[in-house]
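If you read the protein sequences in the order shown, they are chains A and B.
With the first letter of the first sequence counted as 1, position 75 gets the number 75 in full-length UniProt numbering; the numbers rise by one all the way through.
With the first letter of the second sequence counted as 1, position 131 gets the number 131 in full-length UniProt numbering; the numbers rise by one all the way through.
Backbone N, C-alpha and C fix where the C-beta goes; we use that ideal spot for every residue, glycine too.
See structure below.
2 protein chains.
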Amino acid sequence: MTEPLDQERTTDQLETIGRALDSGMFIHVRRMLQQMRPGDVAWLLESSPAPSRKVLWQLVDPDDYGEILEELSEEVRDGIIRLMDPEKLANALEDMESDDLAYVLRDLPERLYRQVLTQMDEQDRLRAEQALSYPEDTAGSIMNTEFITLRADVTIDVVLRYLRLRNELPEGTDTLYVVDKDNRLLGDMSLASLVVQAPATTVAEAMDTQVEAIPLTMSDVEAANLFERHDWLSAPVVDENGILLGRITIDDVVDIIREEGEHSMMGMAKMDVDEDTFAPVLPSAKRRTIWLTVNLCTALIAASVSNMFEATLSQLATLAILMTIVPSMGGIAGNQTLALMIRGMAVGHISDSNARWLLTKEALVGLINGLIWALAIAVVVSIWKDSIAIGLVIAAAMFINLAVAGLAGALIPLVMRRFNIDPALAGSMALTTITDTVGLLSFLGLATLLLLN
Amino acid sequence: MTEPLDQERTTDQLETIGRALDSGMFIHVRRMLQQMRPGDVAWLLESSPAPSRKVLWQLVDPDDYGEILEELSEEVRDGIIRLMDPEKLANALEDMESDDLAYVLRDLPERLYRQVLTQMDEQDRLRAEQALSYPEDTAGSIMNTEFITLRADVTIDVVLRYLRLRNELPEGTDTLYVVDKDNRLLGDMSLASLVVQAPATTVAEAMDTQVEAIPLTMSDVEAANLFERHDWLSAPVVDENGILLGRITIDDVVDIIREEGEHSMMGMAKMDVDEDTFAPVLPSAKRRTIWLTVNLCTALIAASVSNMFEATLSQLATLAILMTIVPSMGGIAGNQTLALMIRGMAVGHISDSNARWLLTKEALVGLINGLIWALAIAVVVSIWKDSIAIGLVIAAAMFINLAVAGLAGALIPLVMRRFNIDPALAGSMALTTITDTVGLLSFLGLATLLLLN
Chain A
1 MTEPLDQERT TDQLETIGRA LDSGMFIHVR RMLQQMRPGD VAWLLESSPA PSRKVLWQLV
61 DPDDYGEILE ELSEEVRDGI IRLMDPEKLA NALEDMESDD LAYVLRDLPE RLYRQVLTQM
121 DEQDRLRAEQ ALSYPEDTAG SIMNTEFITL RADVTIDVVL RYLRLRNELP EGTDTLYVVD
181 KDNRLLGDMS LASLVVQAPA TTVAEAMDTQ VEAIPLTMSD VEAANLFERH DWLSAPVVDE
241 NGILLGRITI DDVVDIIREE GEHSMMGMAK MDVDEDTFAP VLPSAKRRTI WLTVNLCTAL
301 IAASVSNMFE ATLSQLATLA ILMTIVPSMG GIAGNQTLAL MIRGMAVGHI SDSNARWLLT
361 KEALVGLING LIWALAIAVV VSIWKDSIAI GLVIAAAMFI NLAVAGLAGA LIPLVMRRFN
421 IDPALAGSMA LTTITDTVGL LSFLGLATLL LLN
Chain B
1 MTEPLDQERT TDQLETIGRA LDSGMFIHVR RMLQQMRPGD VAWLLESSPA PSRKVLWQLV
61 DPDDYGEILE ELSEEVRDGI IRLMDPEKLA NALEDMESDD LAYVLRDLPE RLYRQVLTQM
121 DEQDRLRAEQ ALSYPEDTAG SIMNTEFITL RADVTIDVVL RYLRLRNELP EGTDTLYVVD
181 KDNRLLGDMS LASLVVQAPA TTVAEAMDTQ VEAIPLTMSD VEAANLFERH DWLSAPVVDE
241 NGILLGRITI DDVVDIIREE GEHSMMGMAK MDVDEDTFAP VLPSAKRRTI WLTVNLCTAL
301 IAASVSNMFE ATLSQLATLA ILMTIVPSMG GIAGNQTLAL MIRGMAVGHI SDSNARWLLT
361 KEALVGLING LIWALAIAVV VSIWKDSIAI GLVIAAAMFI NLAVAGLAGA LIPLVMRRFN
421 IDPALAGSMA LTTITDTVGL LSFLGLATLL LLN
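Structure representation (structure tokens):
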């Protein structure tokens with residue numbers, strides 16, 4: 001009988017295995033690992049500090065290597081592969097679906113890659129080379145070539161007898177494809193439709209001819225958006241002549257959607273999306289250097305803006321105290337717009353036809369925000385610093401900066417996309433540089449013009 | 001014959017419909033809408049500026065209302081529902097799966113909700129009330145109750161004949177469930193397994209008894225993580241006695257994973273995840289007020305920290321110019337750690353057993369970052385400002401702030417989780433307040449102690 005999953009079970013498992021490892025109860029851990037599914041073992045490895053992973057991997061059943069490897073994230077997998085000899089690795093890869101095989105092989109160091117390939121049998125090698133020939137991030141790179149095709153003129157009864165002879169369907173099969181003798185896709189038939197058909201019906205009568213096939217060269221993200229929009233479980237992939245080459249299954253789409261979300265979130269925080277949560281200290285520190293360097297540069301740009309107003313600042317220290325407020329508000333307001341744009345682009349909502357409407361809207365939101373917050377800061381500062389003049393100066397600067405922030409937040413991602421730059425990564429840094437500069441320039445500039453004489 | 005999807009087709013469609021709408025060719029638009037699938041119409045509505053949506057909805061075929069509504073995002077759907085009268089809405093809801101029905105009904109204003117419910121027939125009303133009885137964000141709220149159950153003692157042949165009599169399976173069916181007379185889940189059989197079984201085999205022989213059933217009260221996010229980890233297409237939902245109540249299908253899981261990603265990304269940018277990209281100006285501006293208010297408070301806290309050093313700043317204007325650098329670097333470094341933690345928590349990688357390891361690691365990364373950037377800023381500032389003393393002061397402040405940033409970035413989300421606060425929303429604001437305060441305090445404090453006398 002089946003048992004409902006205990007909600008706390010998986011977390012408990014993590015605790016138990018962690019404790020057993022710490023106290024050296026390796027045989028106990030090995031037994032626990034054998035009872036876990038490959039997906040759970042992959043999750044356990046990803047949740048373990050780097051040093052424990054090595055020990056855990058040695059306790060894993062080698063028969064499960066392949067299935068676990070294909071579930072691991074890139075960084076963690078690369079670390080584990082470095083622990084394996086080429087022969088064992090080649091064995092582990094043999095049962096993989098072609099897209100997962102390419103996914104693992106693509107990142108191997110050149111030398112290891114060649115060693116693994118020579119260890120494989122002829123058929124697997126060809127399959128691997130074929131899968132690797134499709135460019136990364138295209139539909140081709142995430143499709144697998146294990147699927148079942150039917151001819152249109154046979155009956156359902158024949159199809160069922162054929163399937164019974166096969167005894168097992170390729171993993172994730174929900175649909176059978178109908179092709180002509182040149183392998184051109186004519187239609188498809190879901191298993192859900194197959195099982196309700198009368199045995200004497202022909203495939204031609206029962207099949208669905210309104211199949212939307214994914215072209216080989218479509219981007220994987222766009223393909224994932226189509227899956228999401230149409231609630232597909234799988235979709236056929238065809239070349240420009242309509243020849244069926246493979247199929248994409250929902251499990252790979254789920255990975256892409258998960259990655260897209262993490263990429264945007266980590267990008268906004270200036271973090272490498274590939275960084276392994278439990279990586280050792282030094283590689284972690286190294287990975288974060290790039291964006292900290294970029295940020296130091298933008299911080300120095302901001303400092304050199306205020307440097308132009310050194311005379312003003314030395315006359316009126318109050319300005320120094322207040323000068324961080326306007327850039328801070330501009331940064332937040334601009335990033336709000338930026339996030340909205342990045343999300344809209346990720347799901348394919350933003351095109352040339354609606355971009356201008358959106359730009360106008362966000363510019364207007366910026367103007368309204370500008371009015372609201374100019375008023376608010378004028379009141380706060382006039383009272384706090386007992387100076388209506390300073391209150392008015394900071395209000396004017398706030399209005400300018402928030403109006404600019406709205407416009408820049410909408411414009412930057414549109415411009416970046418045109419030049420094929422990823423706004424999730426570079427957008428917020430460019431934006432902050434603008435809002436910092438405009439914020440400081442307008443506040444200190446207006447103060448110099450109006451308050452000093 | 002099937003045609004490969006034109007990669008540009010959907011975007012072109014958007015342009016074409018946009019242009020046709022603008023030039024008032026409503027009959028043309030209506031015809032185009034009729035040829036589109038519900039998912040595409042939903043996507044078109046979401047990609048259209050708020051004013052166009054109203055026109056588009058009037059051109060949609062009322063028979064498609066239900067299917068389109070269930071594909072729409074919350075915000076857009078609420079806007080459209082306000083355009084419909086209760087009777088039409090009740091009709092549209094009738095064919096929906098129970099989870100989608102609850103999803104739509106849950107957000108209706110009380111009065112409209114009652115009106116719609118009285119328009120429904122008895123059976124649909126019961127179904128809706130049942131679905132609404134499960135708390136939001138639990139497995140119960142995303143399960144649907146349309147599924148097929150089998151008895152263990154019948155043969156595959158009988159099962160096939162039964163399915164043929166039914167003529168159609170519930171949407172998204174990939175697995176049939178085997179239950180006893182009390183509806184207790186005994187096992188399951190995928191369609192892929194059903195079609196390869198010999199007709200004389202009994203369900204008991206062919207079924208998989210190692211089914212992992214989702215408990216009714218599990219959180220929807222946790223259930224989604226399980227789907228992802230195990231590459232499930234659907235999973236049964238049971239109560240505490242193992243009674244089968246419904247099933248969760250992958251399409252809802254995909255929506256949850258997409259939402260989770262958007263929630264983290266938008267949260268990092270202080271943006272309401274529900275904000276509709278093409279909402280009108282005023283509601284958009286209003287939605288952004290909360291976080292801008294919070295940010296104004298934190299900016300004022302930072303200003304009041306530097307206010308404590310007014311005397312120092314008026315003596316040495318250079319400090320005012322440099323004082324934004326250390327908080328800026330602390331904010332970025334801290335947010336990097338925060339993003340890593342938020343991602344790790346979202347996929348369930350972080351538990352009590354590895355939290356301490358992670359905290360130590362991030363604190364060490366903070367120390368190493370502190371050393372690197374203290375050195376870098378010391379060199380830059382010593383040369384720029386021609387003062388080794390100021391260079392040393394800013395270096396010391398940088399080291400302190402980056403060390404604190406690493407620790408705070410790891411600690412804040414752990415503490416927030418304990419108190420059930422969502423770190424994706426509140427985390428970065430809390431963090432920035434800390435890094436701003438510590439950065440200004442340490443830089444201006446050390447400068448006051450060491451540079452003035």
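- For the putative contact between residue 327/B and residue 435/B, defined by C-beta atoms under 8 Å, what is the C-beta separation to the nearest angstrom? 6 Å
- Task: Please say whether residue 405/A and residue 377/A have beta carbons closer to each other than 7 Å?
- Result: no
- First and last residue of the uninterrupted beta strand (DSSP E) at residue 226/B: Looking at the DSSP string, residue 226/B is not in any beta strand (DSSP E); the run it does join, the alpha helix (DSSP H), is 220-230.
- Message: Can you confirm whether residue 401/A, when its beta carbon is compared against all beta carbons of chain B, has any partner nearer than 7 Å?
- Response: no
- Message: Measuring only the C-alpha atoms, how far is residue 8/A from residue 141/B?
- Response: Low confidence applies here, because residue 8/A scores a pLDDT of 49, under 50, leaving its location unreliable and the question unanswered by this model.
- Message: Using the Cβ count rule (16 or more neighbours within 10 Å means buried), how would you classify residue 161/A?
- Response: exposed
- Closest Cα partner of residue 210/A within the set 202/A, 335/A, 257/A and 236/A: 236/A
- Message: Is residue 349/A close to chain B? Criterion is C-beta to C-beta, closer than 7 Å.
- Response: yes
- Message: Would residue 392/A and residue 412/A qualify as a contact pair, given that the criterion is a beta-carbon distance under 7 Å?
- Response: Annotated as distal: residue 392/A and residue 412/A, with beta-carbon spacing of 7 Å or more.
- Where does residue 181/A land, buried or exposed, given buried means 16+ other C-beta within 10 angstroms? Exposed, since its Cβ has fewer than 16 Cβ neighbours within 10 Å.
- Task: Look at residue 174/A and residue 233/A and say whether their C-beta atoms are less than 7 Å apart.
- Result: Against a cut-off of 7 Å, the Cβ pair of residue 233/A and residue 174/A comes out as a contact.
- Task: Going by CA-CA distance only, name the one from 352/A, 116/A, 362/A and 66/A that's closest to residue 418/A.
- Result: 352/A
- When you compare only the Cα positions, how much space is there between residue 54/B and residue 98/B? For residue 54/B and residue 98/B, the distance between alpha carbons rounds to 27 Å.
- Item | Cβ pair residue 199/A, residue 252/A closer than 7 Å | no
- DSSP three-state assignment for residue 283/B, whether helix, strand or coil: helix
- Counting contacts by CB-CB distance shorter than 7 Å, is residue 102/B in contact with chain A? no
- Return the first residue and the last residue of the alpha helix (DSSP H) that residue 395/B is part of. For residue 395/B, the enclosing alpha helix (DSSP H) has its first and last residue at 388-418.
- Secondary structure at residue 103/B, three-state DSSP: helix, strand or coil? helix
- Query: Should residue 80/A and residue 43/A be called a contact, given that it needs their Cβ atoms to be closer than 7 Å?
  - Reply: Annotated as distal: residue 80/A and residue 43/A, with beta-carbon spacing of 7 Å or more.
- Name the two residues that bound the continuous beta strand (DSSP E) containing residue 266/A. Under the DSSP assignment, residue 266/A falls outside any beta strand (DSSP E), being part of the alpha helix (DSSP H) whose first and last residues are 250-268.
- Item | C-alpha gap between residue 444/A and residue 374/A, whole angstroms | 16 Å
- Message: Less than 7 Å between CB atoms is the rule here; does residue 328/B satisfy it with respect to chain A?
- Response: yes
- Item | Buried versus exposed call for residue 171/B [16 or more other C-beta atoms within 10 Å across all chains shown] | With fewer than 16 neighbouring CB atoms inside 10 Å of its own CB, residue 171/B falls in the exposed class.
- Output, in sequence order along the chain, the residues in the segment 426-443 of chain B whose CB is closer than 7 Å to any CB in chain D. The displayed structure is made up of protein chains A and B, and chain D is not among them.
- Query: In this structure, does DSSP put residue 190/B in helix, strand or coil?
  - Reply: strand
- Task: Write down the C-beta distance between residue 125/B and residue 117/B rounded to the nearest angstrom, noting that I regard them as a contact closer than 8 Å.
- Result: 6 Å
- Query: Just curious, the alpha helix (DSSP H) that residue 433/B is in, first and last residue?
  - Reply: 423-450
- Sort out for me which residues DSSP pairs residue 155/B with in a bridge. 202/B
- What's the C-alpha gap between residue 340/A and residue 212/B? 38 Å
- Which residues does DSSP pair with residue 234/A in a beta bridge? Looking at the DSSP output, residue 234/A bridges to 249/A.
- Ends of the alpha helix (DSSP H) at residue 379/B? 352-384
- Of the listed residues 202/A, 152/A, 167/A and 164/A, nearest to residue 179/A (C-alpha basis): Ranked by Cα distance from residue 179/A, the first of 202/A, 152/A, 167/A and 164/A is 152/A.
- Hey, could you find the ends of the beta strand (DSSP E) residue 176/A is sitting in? 175-179
- Item | Alpha-carbon to alpha-carbon, residue 349/A and residue 223/A | Between residue 223/A and residue 349/A, the C-alpha separation is close to 14 Å.
- Note down, in chain order, every chain B residue with its Cβ under 9 Å from the Cβ of residue 228/A. 39, 251, 254, 255 and 258
- Task: Alpha carbon to alpha carbon, how far is residue 311/A from residue 315/B? Give it in angstroms, no decimals.
- Result: 12 Å
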